[in-house]
Amino acid sequence: MGINIPTKNELVANSMNPEQLAQLVGANSLMYLTVEGLQKAVREGIKDSAPENVGHCTACLTGVYPVDLQ
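Counted the way our numbering counts, the sequence shown spans residues 995 to 1064.
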């Protein structure tokens, strides 16, 4: 379970501030979302589903897994 995230030293955002990173990717601005903000943004795009059927695993970001790991 999970995703393969590079080490901190391999991440370009580790060596730049948000303004520098925005310039690198050609954006006007760049801000980071909280996990809650990410979940809210994703839910906004799927308004057709019943709320109880909409969920996203964020264990790779929070360490809180939806199942018991053995």
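Glycine included, each C-beta is placed from N, C-alpha and C at the ideal position. Please read all numbers here as calculations on a predicted model, not as lab measurements.
How far does the alpha helix (DSSP H) with residue i in it reach, from first residue to last?
| i | result |
| --- | --- |
| L1055 | A1053 to T1056 |
Between the options, which lies nearest to residue i when the distance is taken from Cα to Cα?
| i | options | result |
| --- | --- | --- |
| A1021 | P1012, T1028 and V1058 | P1012 |
| L1024 | G1031, Q1033, E1030 and Q1014 | Q1014 |
| A1053 | S1009, Y1026, A1016 and Q1033 | Q1033 |
| I1019 | V1006, G1049 and C1051 | The sequence given here has Val at residue 1019, not Ile. It is V1006. |
Assuming residue i contacts residue j (C-beta within less than 8 Å), just tell me the rounded distance between them.
| i | j | result |
| --- | --- | --- |
| L1055 | V1036 | That belief does not hold up - the Cβ atoms of L1055 and V1036 are roughly 12 Å apart, past 8 Å. |
Whole alpha helix (DSSP H) runs in the stretch 998–1050 with 4 or more residues, listed along the chain? 1012–1019 and 1029–1038
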